[in-house]
Amino acid sequence: GMGKREGTINARISYKVLWMRRIRILRRLLRKYRELKKIDKHLYHSFYMKCKGNQFKNKYVLIEAVHKAKSEEKRAKELGAQAEAKKAKKKKGEEVKKEAPKESKEGKTEEAKQTQINLSLIHISEPTRPLYISYAVFCLKKKKKIRLSYATLE
């Protein structure tokens, strides 16, 4: 038990030996990941320096950190690609707008009348909160076009 122990913890197994064991394990893992191309030289260096700075308690914490860093890097690349695609789409839209002939205001109103959809109001709900800011729901439905066939009239 505890009474049988002679010497301090550091005398029994020194902190230096514990540190050396841990740092060797972490550095061995980092070298292995770099050789297998799981991490590039930049990630290797940053994790090496973090290991030296006592950021990782053990091997499994380091593995988690590597996976997290890789997923963040991948996500950043995807977001960058999406941003580039968005910029290209916007630029293309601006070019199309410049090339499109400018229509007169009268022509636009006529087109708007033709494309207007006929809607009918189905239902308005009761106010949700009296005396306060309230919300109501409006339900709209497309009006059906009435078509008369000549056979039904006769």
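Numbering of the sequence shown is given in our numbering, commencing with residue 14 and proceeding in unit increments. Glycine included, every Cβ here is placed at the ideal spot set by N, Cα and C.
Coarse secondary structure for residue i, derived from DSSP in three states
{"i": "Lys70", "result": "coil"}
{"i": "Ile26", "result": "coil"}
{"i": "Ile52", "result": "coil"}
{"i": "Gly20", "result": "coil"}
{"i": "Gly14", "result": "coil"}
{"i": "Ala113", "result": "coil"}
Contact belief for residue i with residue j at Cβ below 8 angstroms, rounded distance in angstroms
{"i": "Leu31", "j": "Phe69", "result": "Between Phe69 and Leu31 the Cβ distance is about 14 angstroms, and since that is not below 8 angstroms, they are no contact."}
{"i": "Ile22", "j": "Cys64", "result": "At roughly 23 angstroms, the Cβ-Cβ gap does not stay under 8 angstroms, so Ile22 and Cys64 are not in contact."}
{"i": "Leu49", "j": "Tyr61", "result": "Leu49 to Tyr61, Cβ: 16 angstroms. No contact."}
{"i": "Arg47", "j": "Tyr57", "result": "5 angstroms"}
{"i": "Ile52", "j": "Val79", "result": "6 angstroms"}
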